[in-house]
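Below: one structure, written as structure tokens.
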Amino acid sequence: ELKVEQNPLFLSMQEGKNYTIYCNYSTTSDRLYWYRQDPGKSLESLFVLLSNGAVKQEGRLMASLDTKARLSTLHITAAVHDLSATYFCAVDRSTSGNTPLVFGKGTRLSVIA
Amino acid sequence: NAGVTQTPKFRILKIGQSMTLQCTQDMNHNYMYWYRQDPGMGLKLIYYSVGAGITDKGEVPNGYNVSRSTTEDFPLRLELAAPSQTSVYFCASSYDGNQPQHFGDGTRLSIL
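Protein sequences appear in the order of chains A and U.
Heads up: take any position in the first sequence, counting from 1, add 2, and you land on the working numbering.
Heads up: take any position in the second sequence, counting from 1, add 1, and you land on the working numbering.
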């Protein structure tokens, strides 16, 4: 059974600081997704990582995937208040993309002045 | 662009009642999904479909039923509602299993 663990689950950080959110998963997979959810809102796709060593960047967020370590990271650079949200990673159970994703519990990020 | 549309947005049910949560997408996506999200938790998959006429159970299917008679629609039915089904329900779709999922705005369901 695929298990996806994120840490930390809660993160309070100051504006301007850097931090990394970690997503570990328990079985082989080479497909990983990051989503963002604002309070009371739906989920928005941030990144799709489809191979070992994949790195994607958008603004102050950068995601990477290490399939050998079964680990993805979401790095936040010089945090701003607008990044406050809950971030989910989700992992595909198969290597063919034909099975549904398993989501982590999410990391609730709060950026404070 | 409508994307994934869920109705209703909010609903209160009494224990034992039944209802259908509607989900429709206009992106010609093959895959559709139903999730529930409990407070402070991630998403748990209830049912999914890889195409019209095909449905499959997810992690937490008990107490729910689905059908997929068309590509666009994927309704979720609750029979005999129970308090444990109080949750936020999200419908999502994707073109295939390799593409990111597009989510609806959710249905907030309370069972009292």
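Backbone N, C-alpha and C define an ideal beta-carbon position, used for all residues, glycine too.
This structure is a prediction, so every number in the text was calculated from the model and none was measured.
Per DSSP, reduced to three states, the secondary structure at A:D84 is helical.
Taken through DSSP and simplified to helix, strand or coil, U:Q26 comes out as strand.
Three or more pairs of CB atoms, one per stretch, sit closer than 8 Å, so the stretch 104-115 of chain A contacts the stretch 6-20 of chain A. Annotated as proximal: A:A87 and A:R38, with beta-carbon spacing under 8 Å.
Taking a 10 Å sphere around the C-beta of A:Q59, we find fewer than 16 other C-beta atoms and assign the residue as exposed. Between A:S112 and chain U, the shortest Cβ-Cβ separation is not below 8 Å. For A:Y24, there are no C-beta contacts with chain U under 8 Å, since the nearest C-beta of that chain is about 15 Å from it. Beyond the five residues adjoining it in sequence on each side, U:K58 comes within less than 7 Å, by CB distance, of Y48 in the same chain, given in chain order.
Residue environment analysis places U:V5 among the buried positions, since at least 16 neighbouring C-beta atoms fall within 10 angstroms of its C-beta.
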